[in-house]
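Here the protein sequences line up with chains A and B, keeping their order. Just so we're aligned: 141 in my numbering is position 141 of the first sequence, and the numbers increase by one with no gaps anywhere. So the mapping is simple: my numbering equals the position in the second sequence, first residue as 1, plus 189.
2 protein chains.
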Amino acid sequence: MRTRMNREDRRAAILDSAIAVIGERGFHGFSIRDLAMRCAMTDAGLLHHFGSKTDLLLAVLDHRDAQDEDAIAALFPREAAPRDRAEMLRVLAAIVARNAERPELVRLYAMLRVEALAADHPAHAYFVTRDRLARRRFAELLGPLSETPERLARQVLAAMDGLELQWLLEDRTFDLVATWNETADRLIP
Amino acid sequence: MRTRMNREDRRAAILDSAIAVIGERGFHGFSIRDLAMRCAMTDAGLLHHFGSKTDLLLAVLDHRDAQDEDAIAALFPREAAPRDRAEMLRVLAAIVARNAERPELVRLYAMLRVEALAADHPAHAYFVTRDRLARRRFAELLGPLSETPERLARQVLAAMDGLELQWLLEDRTFDLVATWNETADRLIP
DNA sequence: CGCCTTACCTAGCGATCACTAGGTAACGAG
DNA sequence: CTCGTTACCTAGTGATCGCTAGGTAAGGCG
């Protein structure tokens, strides 16, 4: 009665459940045993695919980055032609709308970002790099609209992350995109 | 060579270390043993003062609330006389300035707020209540400035929390209060 | 000084942790 | 149909988890 999947499918299934479990309990808080049972297998079976708990976490992050690469590239076009304010608000709204469709991912990143404040957390370096990159991208995007794009980028990112977290806290009972649009309209000159 | 403290002092010392430890690793991630060693005692000794890990967490939250009560009351005066915009910005700046002096507390609440998204987390109910209360207080405060104070309160709180988290992520290398003031000036009509 | 409360200890409980060694059986290739 | 690969298992490892029972000694009070 045991089901045997090929490497690729099984890994994808595990990574998918890992997003939920780590998002709920954090890296320190979840156990490989728990995650394995959610995938209807044993912890030893799971570790056959991902050698250690740390490797699993990094695989989750890598996997997500690979999946998101195209979407991000589409949202941040290379030829950074100067745009008008309305177009930028549309780009930001698209980012938030995309996140609104992936609450488990928003939750995962919210959880890991706080956990990874600790320098010895396995995802610490990842989030330092990731956040710096995000600030740079937003600063480039917002450059034409502000004389201090770095500061504006920080504020925009902070408001976005803060709103998304609050959206989770309130059980997604308010319209994230609409609220964001109102915020962005106030925040961006 | 063992040091024996009176109940009150020992409890205070433990709660103080607990703020740091839980803020670093989360409720699920820290161990009573680790915390006890940081206080130069055994886990059994610690559990003599706080019966269980859950009780300890709730004691931390209670203790903080008790300490903060006066400060909060001072910042949100009861007689909610209508004020002008400048005065409100001053109140918000005072809140952020107070938090800027307590980074371990900001970190603790950031960690627990995300962890407590899970309905079975021991602080879940606490944070649901706390956040609702915060939104109500801010909505009352901002009432005179907006026709939709609830929505504005949400956005202000989100921006504040988001900025504080980013401030921790960037190792407090930017001026939190100044950045907040710029944000608030843009956000509040 | 003597006594009683109690802060704190040692020792140990069963459960669970991440992880390993070695075996079994399902699948794809030939 | 056969055979090699490998997905996945059982059965453990020592470490650590939260927590308890029962003892020891430090301090305040008379």
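No residue lacks a Cβ here, since even glycine has one placed at the ideal position from N, Cα and C. All of these numbers come straight from a predicted model, not from anything done at the bench.
Of the candidates A209(B), I208(B), F327(B) and E371(B), the residue whose Cα lies closest to the Cα of E150(A) is E371(B). In the pairwise beta carbon analysis, the segment 290 to 301 of chain B is classified as touching the segment 348 to 363 of chain B: at least three pairs are separated by under 8 Å. For A307(B), the chain A residues whose C-beta falls within less than 8 Å of its own C-beta are E24 and R25, listed in chain order. L15(A) is positioned such that its CB atom lies closer than 8 Å to that of H63(A).
Cβ contact annotation for A93(A) (same chain, cutoff 8 Å, sequence separation greater than five): V177, W180, N181 and A184, in chain order. Burial check for I261(B): the Cβ neighbour count within 10 Å stays below 16, so the residue is exposed.
Between the alpha carbons of A86(A) and A59(A) lies a distance of about 37 Å.
When CB distances to chain B are screened at a threshold of 8 Å, the residues of the segment 111 to 135 of chain A falling below it are M111, R113, V114, E115, L117, A118, F127, V128 and D131, in chain order. Sorting R154(A), L187(A), D161(A) and D171(A) by C-alpha distance to the C-alpha of T362(B) places R154(A) at the top.
Close to G218(B), with beta-carbon spacing below 7 Å, are these residues of chain A in chain order: G26, H28 and G29. R10(A) is a Cβ neighbour of H49(A), given a cutoff of 8 Å. Note that the C-beta distance between H124(A) and A134(A) is not below 8 Å. In this structure, P311(B) sits away from F219(B), with a CB-CB distance that is not shorter than 8 Å. Excluding sequence positions up to five before and after V285(B), its CB lies within less than 7 Å of the CB of M349, L365, V366 and W369, all in the same chain and listed in chain order. For G351(B), the nearest CB of chain A lies under 8 Å from its own CB, placing it at the interface with that chain. For G45(A) and R222(B), the gap between their C-alpha atoms comes out near 31 Å. One thing to note: L56(A) has its Cβ within 8 Å of the Cβ of A18(A).
Following the DSSP letters along the chain, one finds S17(A) inside the alpha helix (DSSP H) bounded by residues R7 to R25. Using a CB distance cut-off of 8 Å, E258(B) does not count as an interface residue toward chain A. R296(B) belongs to the set of residues whose beta carbon lies under 8 Å from a beta carbon in chain A. Contact note: R343(B) reaches chain A through L163, Q166, F174 and T179, using a C-beta cutoff of 8 Å and chain order.
Rounded to whole angstroms, the separation of the alpha carbons of D131(A) and A255(B) is 35 Å.
P149(A) carries a helical assignment under DSSP once its states are collapsed to helix, strand and coil. N6(A) is classed as exposed because its beta carbon has fewer than 16 other beta carbons within 10 Å across all chains shown. Between the alpha carbons of R186(A) and D84(A) lies a gap of roughly 16 Å. Residues of chain A whose Cβ lies closer than 8 Å to the Cβ of E371(B) are, in chain order, R151 and Q155.
Between the alpha carbons of L334(B) and E8(A) lies a distance of about 55 Å. Interface annotation, A255(B): not in contact with chain A, CB-CB separation never under 8 Å. Inter-residue distance for E290(B) and C39(A) is about 45 Å (C-alpha atoms, whole angstroms). Judged by DSSP in its simplified three-state form, D171(A) adopts coil rather than helix or strand.
Residue burial annotation: R25(A) is buried, with at least 16 other C-beta atoms found within 10 angstroms of its C-beta.
Annotation: the continuous alpha helix (DSSP H) that includes L133(A) extends over H124 to L142.
The alpha-carbon of R287(B) is positioned some 11 Å away from that of D257(B). DSSP, read as helix, strand or coil, puts T3(A) in coil.
Shortest Cα-Cα distance from M277(B) to any of F327(B), R302(B) and M230(B) involves F327(B).
Minimum Cα-Cα distance from V21(A) among the listed residues L112(A), L47(A) and R90(A) corresponds to L112(A).
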